[in-house]
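Chemist: Next up is a structure, given as structure tokens.
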Amino acid sequence: MPPILEVDGLVKKFGDFEAVKGVSFQVEEGEVFGLLGPNGAGKTTTISMLTGIIPPTSGTARIGGYDIVKESHKVKKLNGLVPQDLALYQTLSARANVNFFGRIYGMRGRELKERADDVLSIVGLTERANGTVEKFSGGMKRRVNIAAGLVHQPRLLFLDEPTVGVDPQSRNNIFESVMRLNRERGMSIIYTSHYMEEVELLCSRVAIIDQGVIIAMDTVKNLIAILGGGVIQVGLRQVDDKILADLAALPAVKSASLMPLPVASAPANVEEGPAPLPALETAVRVVKIECENSQQALVNLINYLNDANLTIASLETLEPNLESVFLHLTGKKLRE
Amino acid sequence: MRIWSITTKDLLVFFKDSGAVFYLFVLPLVFVFLFTGLLARQFTGSEEAEEETEKITLVVVNLDPDGQGAKDLIAKLNDAGVVKTVLYSQEKAERALNRLETGWYLTIPANFSSDVAAQKPVTLDMTVHPDANPEDFQATQNIIASASRDLSLETQILAGLRQMGEMQANSPQFREAFSPERLIRQAKEQFERSRTQPLILVKQTAASSSKGSQDMGASDWVNASVAGFTVMFVFLSAQGTARSIYDEKRDGSFRRLLAAPIRKPELLAGKLLPNFLLALLQVLVIFGAGMLLLPILGWGELTIPDPLSWAVVSMVIALCSTSLGILIASLAHTDAQISGYSTVILWIAGMLGGSFIPTFMMPEFLQSIARFVPHYWANQAFYDILARGKEIGDVIPGIAAMLVFTVIFFGIGLWRFDFD
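Chains as they are written, first to last, in this note's numbering: chain A, 108 to 443; chain B, 176 to 595.
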């Protein structure tokens with residue numbers, strides 16, 4: 108079966124600013140594909156291009172075999188968008204909102220009523236269908252937001268940060284809805300989030316995007332495997348090449364390297380490679396230790412540092428998950 | 176159908192917003208009734224005032240100030256109880272007409288009294304402004320014609336009787352010839368001649384300038400007030416269009432619509448059509464309430480002499496307002512900017528365009544500036560139809576001006592509109 112979505116070198120520039128720098132990926136029919144990245148990484152811009160809201164500066168993409176630029180009208184019929192904003196009419200009822208978006212997709216009469224009933228049921232709002240949206244909780248509004256994007260039975264559903272600001276109960280309901288849509292109806296879903304646990308739970312494959320570039324793309328399992336047995340980050344006031352070599356040679360440790368200095372304190376003339384050691388011994392440098400087994404490596408590390416009389420300024424163990432993978436790949440946290 | 180779906184949704188959203196309904200439908204009625212009521216009290220405050228106000232001012236240029244005939248004519252004009260004469264010099268009368276302080280003036284020629292006494296035909300000159308209030312002018316004309324006919328008849332009958340008296344005095348042998356029957360027959364002949372060959376004629380001269388009438392009665396104020404505030408608030412509905420588009424962009428639903436299989440022109444049409452329909456509904460509600468309630472309150476009558484012209488003008492005003500909506504939506508990018516532009520463009524233009532005070536009551540330089548706002552042309556067109564009894568052909572310049580504004584507003588609005 109051909110992929111439902113094929114993206115090839117998609118670029119979007121706003122003036123001099125390049126928000127998306129040539130991303131390429133494919134989404135298979137019936138797949139839940141995650142786009143993971145911090146705020147401002149380019150996720151929403153990518154979705155805006157794929158849903159026909161804004162044209163790409165360059166590159167191509169095909170959805171269901173149709174070109175997103177040349178055949179945008181056909182592409183839009185296949186797509187469903189649940190935007191990050193609560194794109195609803197607050198003074199209208201949940202049903203009125205769903206009906207409106209159904210009509211926009213050309214649905215009428217009995218078909219529209221049946222579809223509205225169906226999607227309100229999927230998101231668990233059948234009982235509150237006639238309630239005014241402005242009186243709903245944040246989570247219920249999110250669910251109406253999803254229902255409005257589902258009413259026309261899209262083949263490819265874009266869920267852009269669908270759980271922002273929702274209570275745990277609604278979040279679980281949204282997860283269940285997404286899984287049902289994919290499992291029972293075979294709907295292809297592109298799920299963007301900066302909550303790694305959501306992506307881990309829902310998506311079979313994930314693209315990690317940062318500063319408009321896809322920096323890693325694989326199954327969740329393979330991405331986590333990058334970290335192997337985990338990562339330990341230890342802050343030391345005194346580090347030299349010998350210490351780094353000693354740390355790398357410890358049992359259960361794969362490698363040891365210096366983390367880049369924070370931008371504000373990095374020397375201006377250094378462009379590549381590990382930063383030179385600071386002149387003052389009191390400055391803290393963080394050593395990243397990739398482990399085969401993080402718990403065993405931690406014991407060995409502490410013993411070594413005690414024997415060498417080195418003071419630990421900070422210590423952090425990264426469990427093997429997507430958050431750690433992102434930190435490992437970019438040197439920064441997803442929610443920064 | 177997608178256009179209609181957006182339109183019905185927007186109308187539903189509008190009518191769920193009690194504040195918006197109050198602003199566009201209740202507030203204009205408050206203004207109409209408040210202003211009309213205040214002005215109606217001025218016109219109908221007391222019986223005396225009412226009588227005085229209802230008299231139409233007739234400026235008279237008497238070039239025969241010492242003549243008895245001229246004095247008799249002026250007395251007859253005043254005695255009719257409909258007009259009140261005011262004596263002006265020729266220059267002052269012309270100046271008043273040019274400055275729109277009067278809609279017409281009557282000139283009594285220098286040889287009026289002597290010619291009437293000699294039973295020589297004499298002509299009164301009525302100089303009238305083209306835009307004079309037609310009802311008041313007609314009433315004035317009738318009074319002048321009636322007074323002239325009375326004076327003419329009186330003069331001719333008296334002259335005939337005087338002639339017969341002189342003949343009888345000079346020829347006693349004809350005494351029996353002047354029997355009562357003969358006198359009655361003579362009077363009838365004089366009456367008939369005064370009707371078919373009137374001694375005093377009234378010639379009408381049109382003034383060259385073309386400006387509005389200034390002699391406003393209570394009914395004129397009603398027309399001006401209802402028309403003015405209708406125009407004002409129909410244009411204010413443009414603010415609603417801009418705000419609706421802004422709200423959709425802020426909430427993300429505009430983006431969602433852009434992702435749907437709907438073309439941008441369809442989307443815009445769907446957003447603009449509600450404004451057009453609401454504007455038409457505003458006109459119907461304000462005029463309907465005015466026609467129904469103003470007479471009940473005793474504040475005057477509101478009638479639409481030519482419904483076709485009124486309907487056409489209403490639609491053009493609604494269209495112009497709609498185009499103004501997209502212009503504001505394209506220029507304003509924040510809620511505060513929408514409020515700011517609306518205040519500047521809509522309220523000030525409304526005041527300048529004669530929605531609060533008819534433009535012909537404004538200083539001349541303001542009247543010149545007013546022509547650059549659509550409200551002026553809308554008010555003129557409505558007032559022409561309602562108060563001056565004009566028809567569709569007469570208000571084409573106003574309609575054309577509004578359509579020009581519409582094209583300009585649409586052009587700039589579409590050019591500057593940011594779909595993203």
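Beta carbons: idealized from backbone N, C-alpha and C, even for Gly. In this text, all values refer to a predicted model and were calculated from it rather than measured experimentally.
1) If you check the beta carbons only, do residue 166(A) and residue 116(A) fall under 8 Å apart?
2) In chain A, which residues lie with their C-beta within 8 Å of the C-beta of residue 191(B)?
3) Taking the straight line between their C-alpha atoms, what separation do you get for residue 437(B) and residue 209(B)?
4) Between which residues of its own chain and residue 357(B) is the CB-CB distance below 6 Å, once the five residues before and five after are set aside?
5) If we cut at 8 Å on Cβ distances, does residue 135(B) have a partner in chain A?
6) Quick one: complete beta strand (DSSP E) runs, 3+ long, within the stretch 128–196 of chain A?
7) Output needed for residue 451(B): all residues of its chain with C-beta closer than 6 Å, excluding positions within five of it in sequence on either side, in chain order.
8) At least one CB of chain B closer than 8 Å to the CB of residue 190(A): is that the case?
9) Just to confirm the assignment: which complete alpha helix (DSSP H) runs, minimum length 4, are found wholly within the stretch 278–318 of chain A?
10) Please decide whether residue 586(B) counts as near chain A, where near means a Cβ-Cβ distance under 8 Å.
11) Just tell me which of 417(A), 408(A) and 220(A) has its CA closest to the CA of residue 423(A).
12) Using a Cβ-Cβ cutoff of 7 Å, what residues of the stretch 177–211 of chain B are near chain A? List them in chain order.
13) For residue 370(A), count the other beta carbons within 10 Å of its own beta carbon; 16 or more makes it buried, fewer makes it exposed. Which is it?
14) Run the CB neighbour count on residue 438(A), radius 10 Å, all protein chains shown included, and call it buried at 16 or more, exposed below.
15) I need the straight-line Cα distance from residue 432(B) to residue 145(A), nearest angstrom please.
16) Using a threshold of 8 Å, state whether the C-beta atoms of residue 236(B) and residue 268(B) are closer than that.
17) Can you pull the chain A neighbours of residue 434(B), defined as C-beta to C-beta under 7 Å?
18) What residues in the stretch 200–213 of chain A have a beta carbon less than 8 Å from any beta carbon of chain B?
19) Let me confirm a value: residue 415(A) is counted as buried when at least 16 other C-beta atoms fall within 10 Å, else exposed. Which label applies?
20) Quick check: the Cα distance between residue 302(A) and residue 188(A), rounded to an integer number of angstroms?
21) From what residue to what residue does the beta strand (DSSP E) around residue 340(A) run?
22) Give every residue of the same chain whose Cβ lies closer than 6 Å to the Cβ of residue 564(B), excluding the five residues on either side of it in the sequence, and list them in chain order.
23) Look up residue 179(B) in the DSSP assignment and give the residues it is bridged to.
24) Taking DSSP as the reference, what is the three-state secondary structure of residue 431(B)?
25) Contact check, residue 360(A) vs residue 354(A) under 8 Å by CB: the rounded distance?
26) Is it a yes or a no for the stretch 264–273 of chain A touching the stretch 217–233 of chain A, going by three-plus beta-carbon pairs under 8 Å?
27) If you measure from the beta carbon of residue 505(B) to each beta carbon in chain A, is any gap under 8 Å?
28) Determine the direct distance from the alpha carbon of residue 313(A) to that of residue 128(A), and round the result to whole angstroms.
29) Against residue 430(B), what residues of chain A qualify as contacts under a CB-to-CB distance less than 7 Å, listed in chain order?
30) When you compare the CB positions of residue 185(A) and residue 170(A), do they come within less than 8 Å of one another, or not?
31) Out of 204(B), 296(B) and 410(B), which has the shortest C-alpha to C-alpha gap to residue 467(B)?
32) So is residue 279(B) buried or exposed if we call it buried at 16+ other beta carbons inside 10 Å?
33) Using CA atoms only, rank isn't needed, just tell me which of 323(B), 499(B) and 472(B) is closest to residue 378(B).
34) Residues in the same chain with beta-carbon distance under 7 Å from residue 566(B), minus the five sequence neighbours each way, listed in chain order, please.
35) For residue 385(A), does the three-state DSSP call read helix, strand or coil?
36) For residue 518(B), count neighbouring C-beta atoms within 10 Å of its own C-beta (all shown protein chains included) and say buried if the count is 16 or more, exposed if not.
Modeler: Taking the definition as stated:
1) yes
2) 198 and 199
3) 45 Å
4) none
5) Past the edges of chain B, shown from 176 to 595, lies residue 135(B), and the structure says nothing about it.
6) 139–143, 165–170 and 186–189
7) 493 and 497
8) yes
9) 303–309
10) no
11) 408(A)
12) 177, 180, 184, 187, 188, 191 and 192
13) Residue confidence is low: residue 370(A) scores 48 on pLDDT, short of 50, so the model does not pin down where it sits. No coordinate-derived value is stated.
14) exposed
15) 26 Å
16) yes
17) 158, 159, 160, 183, 186 and 188
18) 203, 207, 208, 210, 211, 212 and 213
19) exposed
20) 19 Å
21) 338–343
22) 309 and 480
23) DSSP, once it has assigned bridges, lists no residue as partnering residue 179(B).
24) helix
25) 7 Å
26) no
27) no
28) 18 Å
29) 160, 190 and 194
30) yes
31) 204(B)
32) buried
33) 323(B)
34) 481 and 484
35) Note that residue 385(A) scores 47 on pLDDT, short of 50, meaning its location in the model is unreliable; the coordinates nonetheless yield the value given after this. Residue state, collapsed to three classes: coil.
36) exposed
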